Amino acid sequence: MTTPTIQYAIHRETERNKEMAAENTSKVFEAHPMKGGDGPNSYTKNSILQRASVDAAKELLNKAIAEKLDIESFLPSKSFRIADLGCSTGPNTFMAVGNILEAVESKYRSQGLNSQIPDFQVFFNDHASNDFNMLFQSLPQNRQYHAAGVPGSFYKQVLPNASINFAYSSTAIQWLSRVPTAVADSNSPAWNKGRIHYSNATDEVKRAYETQYSDDMESFLQARAQEIVYGGLIVLTFPGRHSDTPHSDALPNMVLQLLGASLMDLVRKGVVSEEKVDSFNIPVYSMSTKELAAAVERNGCFSIEMVADLLVPRVDDTSSMPQLIASHIRAGMEGILKQQFGEELLDELFNLYREKCEEHISTTNTGKPVNFLVVLRRKED
Ligand code: SAH
Numbered sequence: 000m001t002t003p004t005i006q007y008a009i010h011r012e013t014e015r016n017k018e019m020a021a022e023n024t025s026k027v028f029e030a031h032p033m034k035g036g037d038g039p040n041s042y043t044k045n046s047i048l049q050r051a052s053v054d055a056a057k058e059l060l061n062k063a064i065a066e067k068l069d070i071e072s073f074l075p076s077k078s079f080r081i082a083d084l085g086c087s088t089g090p091n092t093f094m095a096v097g098n099i100l101e102a103v104e105s106k107y108r109s110q111g112l113n114s115q116i117p118d119f120q121v122f123f124n125d126h127a128s129n130d131f132n133m134l135f136q137s138l139p140q141n142r143q144y145h146a147a148g149v150p151g152s153f154y155k156q157v158l159p160n161a162s163i164n165f166a167y168s169s170t171a172i173q174w175l176s177r178v179p180t181a182v183a184d185s186n187s188p189a190w191n192k193g194r195i196h197y198s199n200a201t202d203e204v205k206r207a208y209e210t211q212y213s214d215d216m217e218s219f220l221q222a223r224a225q226e227i228v229y230g231g232l233i234v235l236t237f238p239g240r241h242s243d244t245p246h247s248d249a250l251p252n253m254v255l256q257l258l259g260a261s262l263m264d265l266v267r268k269g270v271v272s273e274e275k276v277d278s279f280n281i282p283v284y285s286m287s288t289k290e291l292a293a294a295v296e297r298n299g300c301f302s303i304e305m306v307a308d309l310l311v312p313r314v315d316d317t318s319s320m321p322q323l324i325a326s327h328i329r330a331g332m333e334g335i336l337k338q339q340f341g342e343e344l345l346d347e348l349f350n351l352y353r354e355k356c357e358e359h360i361s362t363t364n365t366g367k368p369v370n371f372l373v374v375l376r377r378k379e380d
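Residue numbers (numbering that gives the first Met the number 0): 0 to 380.
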């Protein structure tokens with residue numbers, strides 16, 4: 000930082016940016032929001048595993064804000080803007096935003112800047128088809144911030160240039176922007192016949208997903224590089240895998256393999272056609288922190304400030320872990336499954352799925368961490 004005045008990024012309209020903008024308008028973004036409302040299968044009622052991630056991240060978030068956020072460079076500004084990318088319907092997003100606000104305020108106080116605590120504005124982002132009504136109706140009454148909804152894929156720019164001081168995204172960037180085209184194409188060597196995910200598939204399928212991931216992450220970082228002010232932070236938490244863990248052994252992937260196996264059981268029972276399963280794939284990728292770091296290096300606009308395993312505490316719930324996983328997967332995947340297979344199938348599918356989870360996922364099997372936290376800081380161009 001050279002001067003203590005506002006260090007808003009002034010972004011050059013490079014040829015690359017123009018190309019990206021052109022690509023973005025022509026790209027097809029798939030949207031598979033979580034189940035809305037507040038019914039028994041809704042995301043609101045089935046997101047305590049993601050909530051555990053928010054809780055586990057709290058301490059690291061405080062540390063990142065205390066040590067890495069350069070509030071002095073924002074000082075003349077009377078507002079502090081936060082974006083939650085992939086916020087869903089709550090309540091987790093409200094907890095996370097509360098944690099961020101608390102940490103930022105405490106940083107102002109600890110630096111003797113009580114009189115300069117800014118107004119907070121929070122942008123809640125998700126796909127346009129997310130249940131924003133539900134989100135807005137449940138905004139905390141006593142919130143200390145102005146709230147705004149921002150619809151649209153976070154794989155493109157969704158906020159003005161140099162407008163955000165702090166971006167956050169929890170359990171969302173594992174969703175790719177789309178299923179890689181080749182895996183659903185029966186004429187392609189990467190056709191993913193009989194499976195719905197890459198992790199137990201052929202090398203061609205794995206490569207197609209890896210390429211999609213790396214393109215998407217470049218789009219994500221490029222969009223954030225436009226939106227975030229110099230010195231601003233991004234905190235990302237996501238389910239993924241250790242660099243030395245093969246795709247097929249990572250818990251988030253095993254959970255999806257079991258869903259594929261349940262669908263294939265329904266094919267054998269004649270309830271679902273095989274073609275429907277062959278043309279169906281889940282656009283979720285379990286990245287390693289090493290892959291994410293490589294994408295950040297390639298992009299060049301951010302420094303990596305922190306990489307940590309997120310030690311998610313045991314969830315205090317009366318259901319068993321396999322049951323919990325089954326109901327969480329239902330809240331997350333119901334939309335995409337309904338689109339392909341119809342609503343009638345869901346109860347039978349998830350009964351089968353729950354049994355498979357009980358059979359294959361050990362309650363005590365915590366194994367290696369499967370959640371990670373990464374902190375990035377916007378560098379000056
Ligand atoms: N952050 C919340 C929700 C996680 S669920 C929590 O921790 O509980 C993942 C959310 O990411 C879903 O609401 C989904 O619609 C959203 N999402 C996935 N891909 C997205 C994209 N490309 N753009 C915006 N939101 C996306």
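Backbone N, C-alpha and C define an ideal beta-carbon position, used for all residues, glycine too.
Bear in mind the structure is a predicted one, so any value in this text is a computation, not a measurement.
Nearest neighbour of P159, chosen from V276, I335 and R223 [CA to CA]: R223
L158 in three-state terms, based on DSSP: In the three-state reduction of the DSSP assignment, L158 falls in the coil class.
Beta-carbon proximity check, F340 vs K275, cutoff 8 Å: yes
Buried or exposed by the 16-neighbour rule on C-beta atoms within 10 Å, applied to L310: exposed
Own chain partners of N129 with C-beta closer than 6 Å, once the 5 adjacent residues on each side are dropped: P32
Alpha-carbon to alpha-carbon, D83 and N23: For N23, the predicted model reports a pLDDT of 41, less than 50, meaning its position is unreliable; a value from the coordinates is still stated below. One C-alpha to the other measures close to 21 Å.
When K355, I360 and Q338 are compared against M320, the one with the closest alpha-carbon: Check the Cα spacing between M320 and each of K355, I360 and Q338: the tightest is with I360.
Bridge partner(s) assigned by DSSP for I233: A166 and L375
Buried versus exposed call for S25 [16 or more other C-beta atoms within 10 Å across all chains shown]: Because S25 carries a pLDDT of 43, less than 50, the predicted location of this residue cannot be relied on, and no value is offered for it.
Distance between beta carbons of Q120 and Y107, contact taken as under 8 Å: Wrong, their Cβ atoms sit about 16 Å apart, outside the cutoff.
Delimiting residues of the alpha helix (DSSP H) encompassing H145: No alpha helix (DSSP H) contains H145, which is instead part of the beta strand (DSSP E) from H145 to P150.
Beta bridge counterpart(s) of I99 as assigned by DSSP: Paired residues: none, contrary to the question.
Assumed close pair S285, H246 - CB separation to whole angstroms, cut-off 8 Å: 7 Å
Status (buried if at least 16 other CB within 10 Å, exposed otherwise) for T288: buried
Whole-angstrom distance between K67 and A171, CA atom to CA atom: In a straight line, the C-alpha of A171 is about 23 Å away from that of K67.
Beta-carbon spacing of N132, I81 below 8 Å: no
Contact test: N91 Cβ vs ligand 1 heavy atom, cutoff 7 Å: Yes, ligand 1 has a heavy atom inside 7 Å of this Cβ.
Contact test: F371 Cβ vs ligand 1 heavy atom, cutoff 7 Å: Relative to ligand 1, F371 has its C-beta separated by 7 Å or more from all heavy atoms.
Within the segment 66-146, ranges of the beta strand (DSSP E) (whole runs, at least 3 residues): 78-84 and 118-125
Closer than 7 Å: L309 CB and nearest ligand 1 heavy atom: no
Contact test: Q49 Cβ vs ligand 1 heavy atom, cutoff 7 Å: Proximity of the beta carbon of Q49 to ligand 1 is indicated: a heavy atom of the ligand is located closer than 7 Å.
For D308, the residue or residues it bridges with in DSSP: F371
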